[in-house]
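Okay, so here's the structure we're looking at.
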Amino acid sequence: MLNSRLFLSFRDKQTAIAGSLKLPQTLPTVLILAAAAGIFSIPLARAAQPGAMDSCLLNLLHQPQNNNLTALEIKQACQAQLLDIQPAALTVSEADPGSLQQPNRVRPELARFNAFFEPYKDTYFIAGRMNGDDGYQPFSGDTADIKFALGLKFRLFPDLPVFDSLAPLYFGYSQKSWWDIAESSGPFREHNYNPEVFWDYSKTSNRNGFNFVGQLVDQIGFEHQSNGLDGSESRSWDRLYLQRDFQVTDRFNLEVKAWKDVNSENFNKDITDYLGNLKLSASYQPNERLVVNFKAQQGWETSKLSYQLDFVYRLPEWVNSQFMLSYYEGYGEALISYNQKTSSLRAGLFFPISFNGN
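This is the structure in structure tokens:
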């Protein structure tokens, strides 16, 4: 942590700070602070009140509870406080407003906006093998591999009247990779990248305030999926999609996702023949430990049916993950072989992760 005496007075001691940092004395106070913290950016908070940031920094630096925080963390905390938005990782003590580490209560503003990454789709690490009907690489079934997936989403705007139509807007990113653990060099056989932008109306507190689209669907967005390769091995497609969830019972949920592919005339023109335009997903929880997930989709060619069956079992409390058994049969598990029928059986760990401390 930077020596707190650098921050004793950002105006009266500007010469001393500039000397210790070897910066020109005429550099504005806010840039001196940014240089000391390692971030060259001008705070947006209270631009019309330049003394507010100084006072906040001095207040937090003098609190012994904050001794373990870095200068960057303290600066970000002040920016958040001046913007009246407090990061979820920091709490404010009722007895001591200058403390950032006493978990007595969370600022009520947190209910308005979650400025953190959240889990999205599934995250798992499972081992097995994929068998292709034609026996060709990269998924001939001759060797085992590890398949892992990770998904994140980030809400772009707070749930405030001024951001009414933008409040449910998210950026999402998910990825699947296949790692050939049987080879001595451990190469990756395939990566599938899936960035997207979407409106998620299901998480919005004021859902009734949105237009009729928000009443009909839970999610609407645009996504790109690609294996990141070029030339003859390039596989990609873009989709506009709608998604609706149905909570049939407390233990059974049904999800319908429909899409329209765009730009398919330029890449992988026959991809919908194999992967179609609709996916049905069902989730059933027979007890407190077990969840059964089933996904199915059918290509425009009626024989091109694909489905996935997953069993996720919650392990004892001392294990920070869940056991997952997954079976896939059909087309498109990996984009590189979307037009080849494959089957796979894998087992491993499923991670119900959270990035916001909840």
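Residue 138 is where the sequence shown starts when you use this note's numbering, and the numbers rise one by one after that. Note that beta-carbon positions come from the ideal geometry of N, C-alpha and C, so glycine has one too.
- Measuring C-alpha to C-alpha distances from Thr439 to each of Ser420, Thr479, Leu412 identifies Leu412 as the nearest.
- Per the coordinates, the alpha-carbon of Ser369 lies some 25 Å from the alpha-carbon of Leu442.
- Taking all protein chains in view, the Cβ of Val334 is surrounded by fewer than 16 other Cβ atoms within 10 Å, so the residue is classified as exposed.
- Taking the C-beta atoms as reference points, Ala484 is found nearer than 7 Å to Leu462.
- When the Cα atoms are used, Gln356 and Gln216 turn out to be separated by approximately 32 Å.
- Residue nearest to Ile408 within the set Gln422, Phe431, Ser371 is Ser371 (criterion: CA-CA distance).
- Under the three-pair Cβ rule at 8 Å, the region 303 to 316 counts as touching the region 279 to 294.
- Counting only runs of 3+ residues, the beta strand (DSSP E) found wholly inside the region 287 to 375 occupies 306 to 316, 325 to 337, 356 to 363, in chain order.
- DSSP places Gly188 within a helical segment (H, G or I) once states are collapsed to three.
- Cα atoms of Gly436 and Ala319: separation of roughly 33 Å, rounded to the nearest angstrom.
- Contact annotation, Val354 with Arg381: C-beta distance approximately 5 Å; criterion of less than 8 Å satisfied.
- Around Ser420, the same chain offers Asn390, Asn430 as residues with beta carbons nearer than 6 Å, after the five sequence neighbours per side are excluded.
- Beta-bridge analysis with DSSP links Phe431 to Ala419, Leu446.
- Sequence-distant partners of Gly358 (beyond 5 residues in either direction) whose C-beta falls short of 7 Å from its own C-beta, in its chain, are Glu333, Val334, Phe335, Trp336, Tyr378.
- In the DSSP assignment, Ile263 falls within the beta strand (DSSP E) that extends over 261 to 269.
- Tyr464 is not a Cβ neighbour of Leu452, given a cutoff of 7 Å.
- Within the same chain, Cβ atoms closer than 6 Å to the Cβ of Glu392 are found at Asp382, Ser418, the five residues on either side in sequence being excluded.
- Between Asn403 and Leu472, the C-beta gap is not smaller than 7 Å, which leaves the two residues out of contact.
- About 7 Å separates the CB atoms of Ile283 and Phe262; that is less than 8 Å, so the two are in contact.
- Annotation: Leu303 to Phe294 spans about 6 Å, alpha carbon to alpha carbon.
- DSSP places Asp382 within a strand segment (E or B) once states are collapsed to three.
- Within 10 angstroms of the beta-carbon of Asp447 lie 16 or more other beta-carbons, which makes it buried.
- Val456 has no beta-bridge partner at all, per DSSP.
- Counting C-beta atoms within 10 angstroms of its own C-beta, Val449 has 16 or more neighbours from the protein chains shown and is therefore classed as buried.
- Nearest Cα to Thr260 within the set Tyr475, Gln459, Leu194: Gln459.
- For Thr409, the uninterrupted alpha helix (DSSP H) run begins and ends at 408 to 412, by DSSP.
- By the criterion of a C-beta distance shorter than 6 Å, Thr280 is surrounded in its chain by Ala319, once the five residues flanking it on both sides are discounted.
- In terms of Cβ geometry, Gly269 and Thr479 form a close pair [threshold 7 Å].
- Per DSSP, the unbroken beta strand (DSSP E) holding Ala484 starts and ends at 479 to 487.
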